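Residue numbers (the numbering used here): 329 to 627. All residues carry an ideal CB built from backbone N, CA and C; glycine is no exception. Nothing here was measured: the structure is a model prediction, and the numbers come from that model. Notes for the one structure printed next.
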């Protein structure tokens, strides 16, 4: 083997090692994001009013409320990441490990949905932490199921996945601002995007100014989910999430009305848990759903 061949092989091997190391690093970041307790996961665009025909970026964030931490793009954990507008859905691209994790160009004026769905991950929590997490997320039915099965003291073995949506508006530069209330067509606002657990606005948040009454419907497998805890948290609540959090339970139609106290960016969140299918080495499967949008501020 010539020296040149040795050098070529060495370069190839070094690149391969770096690629493997990168994948391990990103994977560890994603696994660490699940943490020992329940964490919200959401999409955060660089702006909720994006310039038409220009690219913009979106972050993936995770945390116990605002501001959260950003996650680099990991193709191994992404099942769907797209921009849905009146002309259909396009993939939101990005470089492996990139942070922000997504970049796309808005090609159609008007409302658009950024949509994300993760692949499944697994986690095991000790019994006290698992029960605390269940109580925090309003999953008392799972606590009761564990009690009835005599497994309250057993670790909680769970597989989970994440669904996230963000309501955007594409416009020509200077056509709209965060304080401009622009109506979103109801058919598009309430469009079902096919997420496993999906929060669907029944009120146009862009018609609210300085806050107001906001109704959202929660669907699981495209059917209304009753009795689920839904949380709303304003971006200004960073560092004081519990005090500013607004909560409610869904009715028989999966709807809940939340009094949003102010304008600005809001994060809506819900979790649903069911017994895990046999193919998973876990007792429970949870699906997390989030919705982010901006309410016009009072003038």
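| Query | Result |
| --- | --- |
| Going by DSSP, what residue range makes up the beta strand (DSSP E) through residue 461? | No beta strand (DSSP E) contains residue 461, which is instead part of the alpha helix (DSSP H) from 455-464. |
| Output yes or no for whether 8 Å exceeds the beta carbon distance between residue 384 and residue 390. | no |
| Work out the CA separation of residue 513 and residue 537 for me, nearest whole Å. | 18 Å |
| Starting from residue 621, trace the beta strand (DSSP E) in both directions and tell me its first and last residue. | 612-623 |
| Do the CB positions of residue 299 and residue 445 come within less than 8 Å of each other? | Lying outside 329 to 627, the shown extent of the chain, residue 299 is not represented and no answer is given. |
| Whose C-beta lies closer than 7 Å to the C-beta of residue 454 among residues of the same chain, with five residues either side of it excluded? | 483 |
| In its own chain, which residues sit with a C-beta less than 6 Å from the C-beta of residue 576, not counting the 5 before and 5 after it? | 558, 584 and 586 |
| Could you tell me whether any Cβ in chain C is nearer than 8 Å to the Cβ of residue 465? | Looking for chain C here will not work: only one protein chain is present. |
| If you follow the alpha helix (DSSP H) that residue 469 is in, where does it begin and where does it stop? | 468-476 |
| Are the region 493-502 and the region 435-444 touching by the rule of at least three beta carbon pairs closer than 8 Å? | yes |
| For residue 562, write down the residues that DSSP places opposite it in a beta bridge. | 594 |
| In three-state DSSP terms, what is residue 405? | helix |
| Does the region 397-407 come close enough to the region 427-434 that 3 or more CB-CB pairs lie under 8 Å? | yes |
| Please classify residue 369: does DSSP put it in a helix, a strand, or coil? | strand |
| Going by alpha carbons, who is nearest to residue 603 out of 573, 488, 520 and 499? | 488 |
| Could you give the distance in angstroms between the alpha-carbon of residue 420 and the alpha-carbon of residue 618? | 18 Å |
| Whole angstroms are fine: how far does the CA of residue 500 sit from the CA of residue 624? | 18 Å |
| Measure how close the beta-carbons of residue 592 and residue 553 come, nearest whole angstrom, since I'm counting them as under 8 Å. | At roughly 27 Å, the Cβ-Cβ gap does not stay under 8 Å, so residue 592 and residue 553 are not in contact. |
| So within the region 480-532, which uninterrupted beta strand (DSSP E) runs reach at least 3 residues, ignoring any that extend past its ends? | 484-499 and 525-529 |
| Starting from residue 554 and walking both ways along the beta strand (DSSP E), at which residues does that stretch end? | Taken as a continuous stretch (DSSP letters only), residue 554 belongs to no beta strand (DSSP E), as it is neither H nor E. |
| Classify residue 535 as helix, strand or coil using the three-state DSSP reduction. | helix |
| From residue 368 to residue 627, what distance separates their C-alpha atoms? | 31 Å |
| How about residue 556 and residue 578: are their beta carbons less than 8 Å apart? | yes |
| What does DSSP give as the partner residues of residue 398 in its beta bridges? | 389 |
| Which class does residue 440 belong to by DSSP, given the choice of helix, strand or coil? | strand |
| Roughly how many angstroms lie between the CA atoms of residue 613 and residue 470, to the nearest whole one? | 11 Å |
| When DSSP builds the beta bridges, which residues end up paired with residue 420? | Looking at the DSSP assignment, residue 420 forms no beta bridge with any residue, so it has no partner. |
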